[in-house]
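Numbering (my numbering), first residue to last: 1 to 290. Heads up, the thing below is written out as structure tokens.
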């Protein structure tokens with residue numbers, strides 16, 4: 001499947017630990033995978049999106065314990081610059097085997113740093129496990145704040161969970177109130193850089209995961225690399241992750257493919273349109289007699 005990238009296997013999966021599942025966004029795969037990797041020495045720390053000083057404004061953090069991983073559970077719909085901590089993880093924390101989670105663009109940055117480690121001497125070979133998350137688009141924090149407080153009429157400090165699915169952006173509070181707005185309302189708040197991204201399922205990750213394609217409480221998981229395959233299979237064998245075949249799962253890979261195709265096709269058109277506009281704008285500079 002062209003837009004799903006190369007992968008060795010794909011599963012319907014969820015964390016096998018109730019403590020992780022209780023506050024997981026969906027299947028809790030990232031938390032469970034890193035927790036297992038920490039406990040078994042596959043990694044000695046993970047760079048994750050942790051809680052910031054303001055509600056739902058994430059800040060990158062280095063988790064070296066399962067408790068720290070649990071504190072960072074849940075999807076954040078505003079960007080967390082996790083790449084910024086790679087040097088600190090190795091040089092301040094002294095980590096030799098790093099886990100990192102990121103959106104498709106961040107995983108691309110990880111791989112570029114490994115290929116061209118300019119300014120990152122002694123860092124690339126210490127990235128032991130890169131987990132990617134499905135991403136259609138992301139939001140600057142102020143945009144997210146406006147979506148919650150203005151459009152959903154809910155104080156962001158009272159929100160316990162946010163979710164995007166079935167064409168809607170949803171927020172939940174401790175009282176169980178569910179405010180929803182259609183995604184067409186959120187488009188104007190998207191990060192501009194998201195419109196040039198041609199990756200939905202984090203093709204370059206060792207393991208990539210997202211809620212699309214599986215029932216509530218589960219996640220779709222693509223195992224992509226040899227390192228990802230070894231770690232994932234061991235986590236399943238140890239009971240940290242429950243994995244089942246995607247055969248017969250609804251809506252299944254058909255929906256994942258549909259959304260990946262929509263994102264890439266739309267963004268490719270935008271890239272071509274922008275390239276054409278730039279070409280036209282530069283014409284007078286190339287030939288001042290026109």
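All residues carry an ideal CB built from backbone N, CA and C; glycine is no exception. Source: prediction; values computed, not measured.
Can you give me the C-alpha to C-alpha distance between residue 202 and residue 282, rounded to a whole angstrom? Counting from one through the chain shown, the residue named residue 202 turns up at place 202. Counting from one through the chain shown, the residue named residue 282 turns up at place 282. Taking the straight line from one Cα to the other gives about 34 Å.
Could you tell me if residue 291 is buried or exposed, where buried requires 16 or more neighbouring beta carbons within 10 angstroms of its beta carbon? Outside the displayed range of the chain (1 to 290) lies residue 291, so it cannot be described from this structure.
Status (buried if at least 16 other CB within 10 Å, exposed otherwise) for residue 245: The residue given as residue 245 occupies position 245 in the chain shown. Classification of residue 245: exposed, given that the 10 Å Cβ count is below 16.
What residue does the alpha helix (DSSP H) around residue 143 start on, and which one ends it? As a working note, residue 143 is residue 143 in the chain shown. Looking at the DSSP string, the run of the alpha helix (DSSP H) that includes residue 143 is 141-146.
Whole-angstrom C-beta distance between residue 212 and residue 101, which should lie under 8 Å: Within the chain shown, residue 101 is the residue found at index 101, counting from 1. Within the chain shown, residue 212 is the residue found at index 212, counting from 1. Their Cβ separation, rounded to whole angstroms, is 17 Å, which puts residue 101 and residue 212 out of contact at 8 Å.
If you follow the alpha helix (DSSP H) that residue 155 is in, where does it begin and where does it stop? One-based indexing of the chain shown puts residue 155 at position 155. Careful: residue 155 lies outside any alpha helix (DSSP H) and carries neither H nor E.
Would you mind listing the alpha helix (DSSP H) stretches within the segment 162-220 that are 4+ residues and don't spill past its ends, in chain order? 183-186
Below 7 Å CB to CB, which residues in the same chain sit around residue 252 once its five sequence neighbours on both sides are set aside? The residue labelled residue 252 in the question sits at position 252 within the chain shown. Closer than 7 Å at Cβ, skipping near neighbours: 213, 246.
On the premise that residue 218 lies in contact with residue 15, defined as a C-beta separation below 8 Å, what is that separation, rounded to the nearest angstrom? Your numbering for residue 15 matches position 15 in the chain shown. Your numbering for residue 218 matches position 218 in the chain shown. At roughly 10 Å, the Cβ-Cβ gap does not stay under 8 Å, so residue 15 and residue 218 are not in contact.
The segment 189-207 contacting the segment 215-235, beta-carbon criterion three pairs below 8 Å: yes
Residue 63, DSSP secondary structure in three states: Residue 63 sits at position 63 when you count from the first residue of the chain shown. Looking at residue 63 - three-state DSSP - the assignment turns out to be strand.
How big is the Cα-Cα spacing for residue 87 and residue 120? For the purposes of this step, residue 87 is taken as residue 87 along the chain shown, with counting starting at 1. For the purposes of this step, residue 120 is taken as residue 120 along the chain shown, with counting starting at 1. Spanning the two alpha carbons is a distance of roughly 7 Å.
Return the CA-CA distance between residue 8 and residue 132, expressed in angstroms with no decimal places. Walking along the chain shown from the start, residue 8 turns up at place 8. Walking along the chain shown from the start, residue 132 turns up at place 132. Roughly 15 Å between the two C-alpha positions.
Between 56, 156, 135, 71, which has its C-alpha nearest residue 199's C-alpha? The residue given as residue 199 occupies position 199 in the chain shown. Nearest option by C-alpha distance: 135.
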